[in-house]
Every structure is written in C-alpha cells, then in structure tokens.
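A.B. asks: What follows is a single structure, and I will ask about it in a moment.
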Amino acid sequence: MRFEKNSVTNKNFAPGSRVVIRDAEWLVRRIDRTSSGGYALSVVGISELVKDKESIFLDEIDTDIELLDPADTKLVPDTSSSFQTSLLYMESLLRRTPPTDENLYIGHRAAMDPVPYQLDPAIQALQQPRQRILIADAVGLGKTLACGILLSELIQRGKGKRILVLAVKSMLTQFQKEMWSRFTIPLVRLDSAGIQRVRSRIPTNHNPFYYYDKAIVSIDTLKQNIEYRTYLENAYWDIIVIDEAHNVAQRGKGSSQRARLAELLSGRSDTLIMLSATPHDGRAKSFASLMNMLDPTAIANPEEYGPEDIKGLFIRRFKKDIQDQVEHAFKEREISKAGCMATAVEENAYDVLTCLKFTRMDKKGGQQLFKTTLEKSLFSSPAACLQTIHNRINRIKDNVDADTAADIRKLEAFAGAVSAITPEYFSKYQKLITILNDKKSAFGWPGKKAKDDRLVIFTERIETLRFLEKYLPADLNLDSKHVAILYGTMSDVDQQQVVEDFGKEKSPIRLLIASDVASEGINLHYLSHRLIHFDIPWSLMVFQQRNGRIDRYGQRNTPYIFYLVSQCSNPKIKGDMRILELLIEKDEEAVKNIGDPSAIMGVYDIDLEERITAEAIEQGTSASEFEKKFANKTLDPLALMLGEAAPPVGNLAINRTREIISLYPDDYHYLKAAIEVLKQTQTLQT
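Quick note on this note's numbering: the sequence shown kicks off at 98 and runs consecutively.
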C-alpha cells in the first residue's frame with residue numbers, strides 16, 4: 098500500500114507538525130508570535146525541492162498554510178507490479194535509517210579493496226561521544242581511505258551534512274577525487290579562484306562558507322586573508338578534516354598562521370579528523386597542541402602528560418605492523434645507487450670550494466655556514482650553486498667594506514669555476530641521461546612509449562629543476578608535452594592541474610620533475626613506479642616523503658628508487674658525500690625495522706635534521722662518528738604515548754562490519770527496480 102495525504106487548513110500549528118506552504122512540504126521546528134498578533138513558523142524543508150532548507154514563514158502573508166493531519170491519511174491500493182512502489186518506499190526508509198551502534202555499515206563497501214586495519218580509525222572514533230581523532234599512520238598506508246570510511250559512517254548517521262576539508266594546495270584535486278570516486282562524497286574544490294567566484298555570486302554581507310555544504314579548501318588560501326577569519330568564526334560544520342596536520346601544530350615559542358587557523362576551526366565543528374604521518378616533532382608541547390584541538394580538556398600540562406591523557410584521540414601504525422594484511426598491496430622496493438665520478442672541471446670547482454675562507458660571510462648568523470650552503474647547492478647542480486652565489490652578492494653589494502669586498506672577489510672566482518661545468522661536464526646529469534637512455538639497464542625506463550610507466554625525478558632546488566626541464570627533453574628524445582614540472586611557488590590551480598594530468602592515462606606526460614612540494618601527500622603511484630633522487634636529501638624525513646609518493650598502498654609494481662651519488666678525489670668532499678650515503682642506508686634500515694626514519698635523528702623536523710647534517714659536514718665529522726650519534730635513537734615518541742598497548746591492526750575490525758537491512762539482493766537490483774518504476778511513471782504522465 099502507499100499513502101496519500103489528505104490536508105486541512107488549521108491555525109493550531111505545533112512544533113513537529115508538517116505543513117504545506119507554497120506547494121512544498123515543511124516540518125515545523127518552532128512557532129513565535131509576531132508583534133501584529135500572527136505567527137512566525139520556523140521550518141525545515143521535507144519535499145525534494147526544499148529538502149533540508151531552513152526558512153521562516155508568516156501566516157499573515159502566507160494565508161493558505163495547510164496543516165497535514167496524520168489522522169486524515171487515506172490508504173490507497175498500490176497498483177504497481179509486485180508492489181514495487183511500496184517496496185521501493187520501504188527500502189528508501191531502511192537506507193535512510195541511521196545506525197544506533199558503533200559498528201560499520203557502509204564505509205567498508207566503498208570502491209576499494211577493504212583491508213581490516215583501515216577500519217580501525219572509524220571504529221575507534223565511533224566509540225567516542227564526539228568523533229575527534231588524529232589518524233597518524235605512516236606514509237603510504239592509506240590515511241585518506243581511512244578518513245573516507247569514517248566520513249561515510251558519519252554521513253549515514255546524519256552527522257555529515259556540512260563538511261569542510263583543509264589540505265595543502267597540491268592535494269586539493271587528489272583528495273576531492275578520492276572522496277568522490279571511492280565514497281561518492283561530493284566536495285566542491287574552492288581554490289583561490291573558486292572562493293572569488295562564490296563571493297561574486299552572493300551579496301557582500303553573506304558568508305561564502307555557507308554557499309556549499311561540502312567543500313575542500315587550501316589551508317594557505319584561508320590563512321592569508323584576514324577577512325576570512327570573520328566568516329569562519331560565524332560558520333559551523335558537522336565535520337572538519339585537516340590533512341597534513343603536522344603543519345598546524347605549534348612549533349617554537351609562537352603560533353604560526355596555520356596553527357591559529359586550526360585552533361579557530363577546531364571549535365567550529367562537532368567532528369574533527371586530522372591526518373598526518375609525522376605529527377610529533379619530538380617536543381611534548383607541539384604534539385599536545387594537536388591533542389588539545391581534538392579535546393581541550395585532555396591535557397592539563399602540555400609539557401607533561403601520558404598515554405591515559407590522550408587515549409582514544411589518535412591511532413598510529415607502520416608497514417611492519419600490518420605487513421601480513423597487505424603483502425599483495427605493498428611491493429618490496431628496489432634501491433639502486435649510481436656513482437657519478439666528477440669530471441676535471443668539477444674536481445676544480447670542489448677544490449676551489451674547499452679552499453674558500455670568508456672573512457665576513459662565515460660569521461655564523463644563520464643556521465649554517467654560507468660555505469656549507471654553497472656545498473649543498475653544488476651537490477644539487479652548478480645552476481643552483483651559481484644562483485646561490487649571485488643571490489648573496491646582490492644582497493651585500495650595496496653595503497661593502499674591505500672584508501665584504503674581499504669575500505665578493507672570492508665568490509666571483511668560485512662562480513667562474515662553477516660556470517665551467519657545462520651540461521657536457523656535469524657528471525651527475527650525464528649519468529642520468531645514460532641510465533634513462535639505456536633501455537636494457539637495470540632501471541629500464543621505456544621513455545615516452547609506455548603510458549603507464551612514468552618517471553618522477555625529485556630535486557630540492559628550483560634552479561636544478563629548471564636546468565633539467567631545459568635539457569632533458571632533447572637528450573631523452575621527448576617532446577615538451579611529455580615533461581611536466583611541479584614546485585611550490587606555482588599557483589594552487591596549476592599545481593592541481595599537473596598532479597591531475599600526471600595521473601591520467603590519456604595524458605601525454607611521461608616525466609615529472611618536482612621539487613619537494615610534491616613529496617607531501619601526493620599520490621603518484623597509479624601510473625608510476627620509478628623515482629630518481631637527482632640530489633640526496635639532508636633530512637631523513639624528506640627521504641620518507643619523497644619515496645612515499647610511489648611506494649605506498651595500492652602500488653601494483655615493484656617501486657624502483659634510484660640515487661645519483663657524486664664522487665670525487667677531494668678528501669673533504671668525499672667524506673661529506675659519505676655522510677649523505679649513510680643517510681640513504683639509514684632510511685632503508687628504518688623502513689625495514691622501525692618503520693619511521695625520522696626516529697633515527699630524533700628531532701622530527703626537516704629543518705632540524707638538515708641542520709644536524711650541515712653541522713656534521715662543517716665539523717668534518719666522519720661517517721662512522723655520525724652514525725654513532727644515532728645508534729640508540731630508534732624509538733618513536735608516539736610509541737611511548739601508546740603505552741604498553743599494541744596498535745590496533747584490524748584484528749577485530751572485520752567482525753564489526755554489518756550490512757544494512759535490505760529488501761533487495763544488492764544495490765544493482767534496487768537501482769534497476771527504481772528505474773523501471775520511474776519509466777512507468779513518466780509514461781503515465783505523458
């Protein structure tokens with residue numbers, strides 16, 4: 098049977114009653130008397146056109162308001178074949194019924210291969226009165242998927258109508274696509290241009306963050322505009338997600354713009370989900386700032402707290418913890434190093450560098466000696482080194498004394514030696530070309546022929562990136578359309594476009610040259626399993642982030658990771674390069690044993706790790722002495738926060754999944770029946 102309403106006109110409105118106003122059905126939430134003696138009805142839409150829309154109507158203006166009285170419901174026969182209309186109506190009610198327990202009903206049914214450990218964050222969060230959690234799994238374990246599972250469950254429970262996602266600008270498109278293609282969660286991407294479009298469509302006094310219920314925005318876009326703060330303070334969401342949450346932790350004495358923005362938003366939603374593979378920088382206060390965003394009452398003293406204070410607020414696992422579940426999803430990476438023997442002109446540049454002694458510039462005012470900065474840039478490329486030299490000369494040339502003038506002359510002489518390293522005499526570049534052009538080598542990159550075997554080259558310096566962009570296409574027989582670049586100062590729109598195109602099978606891109614902006618969060622593994630470090634990072638955390646772009650959950654091919662290692666006869670440079678080679682070895686040891694390379698140095702900060710490496714180079718520390726410093730620093734500080742308890746790895750999760758009660762075998766048959774009824778309805782109407 099189906100139900101047909103028989104309405105009557107009545108002024109005895111009450112909260113909870115249903116009314117018809119302007120040919121739409123509404124639910125009365127509140128009734129207030131007006132100064133003229135009439136009634137103001139606060140209502141929320143029920144019928145399709147006005148569903149979930151809130152409004153206020155005055156009965157003195159809308160005089161034909163109809164009250165729908167359940168007592169006047171008229172039952173009429175269901176004449177559809179096999180009572181399909183009634184079945185569809187009851188099925189829709191069953192599907193809209195929110196679960197009342199802590200089990201999973203819908204998240205595990207996403208377009209993905211469900212792995213038990215990915216269900217744990219949702220189960221843990223649903224056990225809390227408010228779902229506020231930090232998902233801190235290691236790089237590549239699928240934090241975005243775990244987030245999507247939790248979001249799906251909350252939406253099913255009626256707790257996810259309004260969602261705001263904050264991500265770094267290079268991640269907007271990727272996160273948006275993952276949520277839609279796997280979980281059918283529609284997030285509107287609001288980059289800088291998108292927000293301006295919204296503001297142009299609405300009155301100046303309207304809040305742009307109420308224009309879309311579900312949106313994803315760059316955290317840097319919001320932090321830069323003070324005007325947005327007022328809008329944010331007056332908006333509220335059911336769920337806020339902060340991706341790469343380590344960027345919003347309090348570091349040092351003050352709070353960054355990102356941290357202040359996150360603190361503001363932490364109070365503007367019921368649910369807060371944070372994602373980060375590196376949430377702890379080794380300082381208790383910094384991690385406490387994230388925990389206090391999740392629960393302001395959790396930690397009384399941010400300098401001193403324990404596992405019981407933050408129990409239930411975060412979850413963290415490494416690849417070694419879940420290895421037995423993902424053998425098919427994680428291929429063992431293959432690491433290769435290629436020694437690049439310095440040419441005569443490079444040897445000369447290294448000799449000049451080691452003999453440099455500055456009078457003024459090496460009075461250490463920064464984090465490292467300028468001579469060390471020059472060495473690091475030369476390890477990247479001659480182009481990067483020349484840019485460093487020119488930048489320093491331009492900075493000091495207007496305020497020159499005798500000592501500064503002498504330093505400038507030394508820099509100019511060094512620039513002359515570096516300028517002699519043309520592409521033909523740049524050993525690392527020539528080695529790269531040889532490797533890539535040799536189709537029978539161990540690396541074996543097929544070039545532009547294979548659309549599903551793309552190559553990623555990482556470099557720290559933009560000048561090196563530009564150098565590779567200029568020379569590689571011709572030397573590898575590639576057209577300009579086959580090469581893309583990605584770096585931090587690109588606009589958010591351009592960054593998203595490059596990442597999106599690299600992941601499209603029909604895109605002509607075969608080679609991506611990226612700075613370290615692409616090493617954070619971006620998925621590059623769908624069509625790529627080869628990565629080359631053109632320069633060796635001075636931070637173990639950068640190793641982890643770079644390699645995690647292709648060595649991650651869902652990689653179907655063996656990840657090939659290649660390091661280009663400069664070699665020369667200069668004893669000082671040879672010793673310094675050995676320290677960088679040691680970092681390569683330590684990264685691999687950590688991946689196989691403890692899971693987190695950043696635990697080795699124990700500072701959990703890229704800048705601090707680079708400073709430690711720079712100090713070792715400045716002090717002439719040998720590789721063996723450098724290794725001894727970190728022999729015992731292999732304990733993850735978050736492991737201490739977990740106490741004695743082992744991290745949940747899906748042991749019980751699979752028993753917590755449930756199926757929604759349904760009158761149809763599956764979604765396909767439900768959809769098919771609905772389409773058939775719609776066809777009959779349309780035929781009758783015509």
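Beta carbons are placed, not taken as given, at the ideal position from N, Cα and C, and that holds for glycine.
Per the DSSP calculation, Val-141 is bridged to which residue(s)?
C.D. replies: As a first step, residue 141 is located in the sequence shown; it is residue number 44 there, counting from the start. Beta-bridge pairing links Val-141 to Leu-124 and Glu-151.
A.B. asks: Label Pro-218 either buried or exposed according to how many other C-beta atoms from any shown protein chain fall within 10 Å of its C-beta, with 16 as the threshold for buried.
C.D. replies: Translated into positions along the sequence shown, residue 218 becomes position 121. Buried is the call here.
A.B. asks: Alpha carbon to alpha carbon, how far is Val-116 from Glu-163?
C.D. replies: As a working mapping, residue 116 is identified with position 19 in the sequence shown. As a working mapping, residue 163 is identified with position 66 in the sequence shown. Taking the straight line joining both Cα atoms gives about 5 Å.
A.B. asks: Consult DSSP for Val-105 and reduce its assignment to one of helix, strand or coil.
C.D. replies: Residue mapping note: residue 105 aligns to position 8 of the sequence shown, counting from 1. Legend: pLDDT at Val-105 = 39, less than 50; position of this residue unreliable, no value from coordinates given.
A.B. asks: Report the option in Asn-109, Ile-220, Pro-112 and Ser-177 whose CA atom is closest to the CA atom of Leu-54.
C.D. replies: Residue 54 is absent from the structure shown; the chain starts at 98 and stops at 783.
A.B. asks: In whole angstroms, what separates the C-alpha of Arg-627 from that of Lys-548?
C.D. replies: Position 530 of the sequence shown, counting from 1, holds the residue named residue 627. Position 451 of the sequence shown, counting from 1, holds the residue named residue 548. If I take the Cα positions, the gap works out to 13 Å.
A.B. asks: Below 8 Å on the Cβ atoms is my contact criterion, and I expect Met-638 with Pro-570 to pass it. Report the Cβ-Cβ distance as a whole number of Å.
C.D. replies: As a working mapping, residue 638 is identified with position 541 in the sequence shown. As a working mapping, residue 570 is identified with position 473 in the sequence shown. No, Met-638 and Pro-570 are not in contact; Cβ-Cβ is about 31 Å, not under 8 Å.
A.B. asks: For Val-614, which option in Ser-474, Ile-582, Asn-331 and Arg-126 has the closest C-alpha, if you only look at C-alpha atoms?
C.D. replies: For the purposes of this step, residue 614 is taken as the residue at position 517 of the sequence shown. With distances taken between CA atoms, Val-614 lies nearest to Ile-582 out of Ser-474, Ile-582, Asn-331 and Arg-126.
A.B. asks: According to DSSP, is Gln-664 helix, strand or coil?
C.D. replies: By one-based count along the sequence shown, residue 664 stands at place 567. If DSSP states are grouped into helix, strand and coil, Gln-664 belongs with the strands.
A.B. asks: I need the straight-line Cα distance from Ala-510 to Leu-562, nearest angstrom please.
C.D. replies: Start at 1 with the first residue of the sequence shown, and residue 510 comes out as number 413. Start at 1 with the first residue of the sequence shown, and residue 562 comes out as number 465. Spanning the two alpha carbons is a distance of roughly 25 Å.
A.B. asks: Report yes or no: do three or more beta-carbon pairs, one from the segment 190–208 and one from the segment 239–259, lie closer than 8 Å?
C.D. replies: Contact holds: three or more Cβ-Cβ distances are below 8 Å.
A.B. asks: What is the residue span of the alpha helix (DSSP H) that Ser-616 lies within?
C.D. replies: As a first step, residue 616 is located in the sequence shown; it is residue number 519 there, counting from the start. No alpha helix (DSSP H) contains Ser-616, which DSSP labels as neither H nor E.
A.B. asks: Pick out whichever of Asn-445, Ala-480, Glu-401 and Cys-244 has its Cα sitting closest to the Cα of Ile-412.
C.D. replies: The sequence position of residue 412 within the sequence shown is 315, counting from 1. Among Asn-445, Ala-480, Glu-401 and Cys-244, the Cα nearest to that of Ile-412 belongs to Cys-244.
A.B. asks: Could you tell me the distance, in whole angstroms, from the CA atom of Ser-538 to the CA atom of Leu-529?
C.D. replies: Looking up residue 538 in the sequence shown gives position 441. Looking up residue 529 in the sequence shown gives position 432. One C-alpha to the other measures close to 12 Å.
A.B. asks: On the criterion of 16 or more Cβ atoms from any shown chain inside 10 Å, does Thr-783 qualify as buried, or is it exposed?
C.D. replies: Here residue 783 refers to the residue found at position 686 of the sequence shown. Residue placement at Thr-783 cannot be trusted, given a pLDDT of 47 that sits under 50; what the coordinates show is reported in the next sentence. Exposed: under 16 other Cβ atoms inside 10 Å.
A.B. asks: If I follow the unbroken beta strand (DSSP E) through Asp-335, where does it start and stop?
C.D. replies: In the sequence shown, residue 335 corresponds to position 238, counting from 1. It spans 334–339 - the beta strand (DSSP E) in which Asp-335 sits, taken as one unbroken run.
A.B. asks: Quick one: Cα of Arg-492 to Cα of Glu-707, how far?
C.D. replies: In the sequence shown, residue 492 corresponds to position 395, counting from 1. In the sequence shown, residue 707 corresponds to position 610, counting from 1. Distance between the alpha carbons of Arg-492 and Glu-707 is about 24 Å.
A.B. asks: Find out if the Cβ-Cβ distance for the pair Tyr-214, Val-688 is shorter than 7 Å.
C.D. replies: Translated into the one-based positions of the sequence shown, residue 214 becomes position 117. Translated into the one-based positions of the sequence shown, residue 688 becomes position 591. Going by C-beta atoms, Tyr-214 is not nearer than 7 Å to Val-688.
A.B. asks: Return helix, strand or coil for Ser-636, following the three-state DSSP convention.
C.D. replies: As a working note, residue 636 is residue 539 in the sequence shown. Collapsing the DSSP output to three states places Ser-636 in coil.
A.B. asks: Determine, using beta-carbon pairs with one atom in the segment 338–345 and one in the segment 263–270, whether at least three such pairs fall under 8 Å.
C.D. replies: yes
A.B. asks: Flag this pair as touching only if the segment 437–457 and the segment 515–531 have three or more C-beta atom pairs under 8 Å; answer yes or no.
C.D. replies: yes
A.B. asks: With which residues is His-626 paired in a DSSP beta bridge?
C.D. replies: What you label residue 626 is simply residue 529 of the sequence shown in a count that begins at 1. According to DSSP, which records beta bridges pairwise, His-626 is partnered with nothing at all.
A.B. asks: Under three-state DSSP, which class holds Arg-430?
C.D. replies: If you number the sequence shown from 1, residue 430 lands on position 333. In the structure shown, Arg-430 sits in coil (DSSP, three-state: anything other than H, G, I, E or B).
A.B. asks: What's the gap between the Cα of Asn-331 and the Cα of Val-295?
C.D. replies: Stepping through the sequence shown from its first residue, residue 331 is reached at position 234. Stepping through the sequence shown from its first residue, residue 295 is reached at position 198. Between Asn-331 and Val-295, the C-alpha separation is close to 17 Å.
A.B. asks: So the alpha helix (DSSP H) Arg-229 belongs to, where does it begin and stop?
C.D. replies: Residue numbering aside, residue 229 sits at position 132 when the sequence shown is read from its first letter. Run containing Arg-229: none in the alpha helix (DSSP H); it sits in the beta strand (DSSP E), 229–232.
A.B. asks: According to DSSP, is Leu-575 helix, strand or coil?
C.D. replies: On the sequence shown, position 478 is the one that residue 575 refers to. Reduced to three states, the DSSP call for Leu-575 is coil.
A.B. asks: For Tyr-202, name the three-state secondary structure that DSSP assigns.
C.D. replies: Taking the first residue of the sequence shown as position 1, residue 202 is located at position 105. If DSSP states are grouped into helix, strand and coil, Tyr-202 belongs with coil.
A.B. asks: For His-487, does the count of other Cβ atoms within 10 angstroms reach 16, so buried, or fall short, so exposed?
C.D. replies: Here residue 487 refers to the residue found at position 390 when the sequence shown is read from its first residue. It counts as exposed.
A.B. asks: Please report the distance separating the alpha-carbon of Asp-500 from that of Pro-668.
C.D. replies: Reading the sequence shown from its first residue, position 403 is the one you call residue 500. Reading the sequence shown from its first residue, position 571 is the one you call residue 668. Looking at the two C-alpha atoms, the distance is approximately 29 Å.
A.B. asks: Quick one: grab the DSSP three-state call for Leu-711.
C.D. replies: The residue labelled residue 711 in the question sits at position 614 within the sequence shown. Per the sequence shown, residue 711 should be read as Ala rather than Leu. Annotated three-state conformation of Ala-711 is helix, per DSSP.
A.B. asks: Comparing alpha-carbon positions, which option in Phe-727, Arg-127 and Asp-310 lies nearest Arg-259?
C.D. replies: The residue you call residue 259 lines up with position 162 of the sequence shown. Here the closest residue by C-alpha is Asp-310.
A.B. asks: Return the CA-CA distance between Phe-784 and Ile-681, expressed in angstroms with no decimal places.
C.D. replies: Any answer about residue 784 is impossible in this case: the structure gives the chain only from 98 up to 783.
A.B. asks: So, for Tyr-568: in the same chain, excluding its five sequence neighbours on each side, which residues have a beta-carbon less than 8 Å away from its beta-carbon?
C.D. replies: Numbered from 1 along the sequence shown, position 471 holds the residue referred to as residue 568. Taken in chain order, the residues that qualify are Pro-520 and Tyr-526.
A.B. asks: Are the segment 273–288 and the segment 121–140 in contact at 8 Å, needing three or more beta carbon pairs?
C.D. replies: no
A.B. asks: CB-CB under 7 Å to Glu-188, same chain, minus the five flanking residues each way: which ones, in chain order?
C.D. replies: One-based indexing of the sequence shown puts residue 188 at position 91. Around Glu-188: Ser-759, Leu-760, Tyr-761 and Tyr-767.
A.B. asks: Could you pull the DSSP bridge partners for Gly-436 from this structure?
C.D. replies: Taking the sequence shown and counting its residues from 1, the one referred to as residue 436 is at position 339. Paired residue(s): Val-662.
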